[in-house]
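Comments concern the structure below.
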Amino acid sequence: MKCAFPAALLLLGILAGCSSQPDISTMPVAEDISAGPALSETLPVQQILRPQDVLEVIYHLNTESREAYRIEAGDQIDLNFLTAPNLSGSKLVMPDGTIPLPYVGSLLVAGLTVEKAKEAVQLAYGHVLKQPEVAIAVSRPQTELENLRQSLTAPNSGLTRTITIGNDGFASFPLLGNLPLRGMTLSQAQSKLNELYGQKNNHVSVDVMLRNTSANEVFVLGEVQQPGAYPIQRPVSVLEALTLARGANPGARLDSVVIMRRQGNQVHAQVYNVKNAMQATAAQFMYLQPDDLLYVPKTRLVAAAELTRQLADVILFTGMSFGLSYSLSDDNNSNN
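Residue numbers (the numbering used here): 1425 to 1760.
Structure (structure tokens):
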């Protein structure tokens, strides 16, 4: 069953992030969209992450290493000054990786081995003590990792965290904070998380699974009988999407149909010749992903500005800070 919402509201909903996210950069626009080469494959049909999707993130914490341990923020280290016992004591490594030392001030120790930290402390006290000698031990190592373990541990679930992608497309992760996931595939999200966790703490890695997904819809607008949002249970072809909208209006330019797809913080558009598909002369059938928008124009699109102008007749398009990049799906440029 189609959703009976105004076409303008539908397109504004799918592109809302483009106008509200301050960090979205304008995309390049190919001015001549009628001179591209033919594509040999369809748009990739992959499960992409969207607001209200629920992820199951499995954490793997590796506490073993053959390399010398390196001090981390949150560790507690014991300093024993052999020549100045009054300076001895335990120090907590601050979030910036430093420890406070009497008469010396803050000293950066995070990232150092115990031996290198010892040398750094003795060097720092070289102008205070004649022959500074200090012994250093890490009495509470990997504190950050242990805190993460305690926050994740739950009965019968192991080291997992259920994370929901917010309406803004961001999700919050331990140690990392809020990250934009909208438009990514599961594998892209997992790779990004492992990259960031590797930079933050090389003892952490994750596996990401999709636990629940929000309702899948595609949007069909422009010169069709019933424009709107349509629920889908599987990937649908462009021809199927047109059928859901009860077909094209008389005079619709089926040789310049546009598929609009959000990829991360950008929106890409691709022109497709539906007439060729209907005549079985297209190189490939094109398929739509959830949240894709299919736009059927009323005149042939010969430049990027033409698509912008036609969309302006459908929605309040002026003032939005984003552009579109185009590529043709076939090389049949003789249709006028």
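In this text, a Cβ means the ideal position worked out from N, Cα and C, and glycines have one as well.
When the Cα atoms are used, what is the spatial distance from residue i to residue j?
| i | j | result |
| --- | --- | --- |
| tyrosine 1549 | valine 1528 | 7 Å |
| phenylalanine 1709 | leucine 1666 | 13 Å |
| methionine 1518 | arginine 1686 | 41 Å |
| leucine 1698 | methionine 1684 | According to the sequence shown, residue 1698 is valine rather than leucine. Taking the straight line from one Cα to the other gives about 15 Å. |
| histidine 1627 | threonine 1507 | 37 Å |
| leucine 1516 | alanine 1595 | 30 Å |
| tyrosine 1414 | valine 1691 | With the chain covering 1425 to 1760 only, the question about residue 1414 has no answer from this structure. |
| valine 1662 | serine 1615 | 31 Å |
| aspartate 1679 | asparagine 1700 | 8 Å |
| glycine 1521 | lysine 1624 | 13 Å |
| proline 1659 | methionine 1702 | 18 Å |
| proline 1556 | proline 1509 | 11 Å |
| serine 1611 | aspartate 1716 | 20 Å |
| glutamate 1619 | glycine 1671 | 46 Å |
| isoleucine 1472 | valine 1682 | 20 Å |
| threonine 1609 | glutamate 1664 | 24 Å |
Starting from the C-beta of residue i, find all residues in its chain whose C-beta is less than 8 Å away, skip the five residues before and the five after it, and write them out in chain order.
| i | result |
| --- | --- |
| isoleucine 1656 | Asn1640, Glu1641, Val1642, Leu1712 and Pro1714 |
| tyrosine 1493 | Thr1537, Val1538, Val1562 and Pro1565 |
| leucine 1485 | Leu1569, Leu1572, Arg1573, Leu1583, His1627 and Val1628 |
| asparagine 1591 | Pro1475 and Gln1476 |
| serine 1514 | Gln1500, Ile1501, Asp1502, Leu1503 and Ser1563 |
What whole-angstrom Cβ distance do residue i and residue j have, given they're in contact under 8 Å?
| i | j | result |
| --- | --- | --- |
| tyrosine 1719 | leucine 1645 | 5 Å |
| threonine 1584 | leucine 1576 | 7 Å |
| isoleucine 1560 | alanine 1541 | 5 Å |
| valine 1558 | valine 1545 | 5 Å |
| phenylalanine 1597 | isoleucine 1589 | In fact, because the Cβ distance is near 11 Å, the residues do not count as touching under 8 Å. |
Is residue i near the ligand SAH, in the sense that its beta carbon is under 7 Å from a heavy atom of that ligand?
| i | result |
| --- | --- |
| methionine 1702 | The model on display carries no ligand, and the ligand SAH is accordingly not part of it. |
Using 10 angstroms around the beta-carbon of residue i, count the other beta-carbons present and answer buried if the total reaches 16, otherwise exposed.
| i | result |
| --- | --- |
| leucine 1547 | exposed |
| glutamate 1496 | buried |
| glycine 1607 | buried |
| glutamine 1694 | buried |
| valine 1552 | exposed |
CB-CB under 6 Å to residue i, same chain, minus the five flanking residues each way: which ones, in chain order?
| i | result |
| --- | --- |
| alanine 1676 | Glu1647 and Val1720 |
| glutamate 1617 | It is leucine, not glutamate, that sits at residue 1617 in the sequence shown. Taken in chain order, the residues that qualify are Val1630. |
| lysine 1722 | Glu1647 |
| tyrosine 1483 | Leu1576, Leu1583 and Val1630 |
Between which residues of its own chain and residue i is the CB-CB distance below 7 Å, once the five residues before and five after are set aside?
| i | result |
| --- | --- |
| asparagine 1673 | Glu1647, Val1648 and Gln1649 |
| proline 1651 | Ala1431, Val1644, Leu1645 and Ala1669 |
| glycine 1593 | Gly1441, Pro1475, Pro1604, Leu1605 and Arg1606 |
| leucine 1531 | Thr1522, Ile1523, Leu1525, Ala1544, Val1545 and Ala1548 |
| serine 1512 | Leu1503, Asn1504 and Phe1505 |
Are the stretch 1623–1635 and the stretch 1473–1486 in contact at 8 Å, needing three or more beta carbon pairs?
yes
For the pair the stretch 1595–1607 and the stretch 1495–1503, tell me if three or more CB-CB distances fall below 8 Å.
Not touching, per the Cβ criterion.
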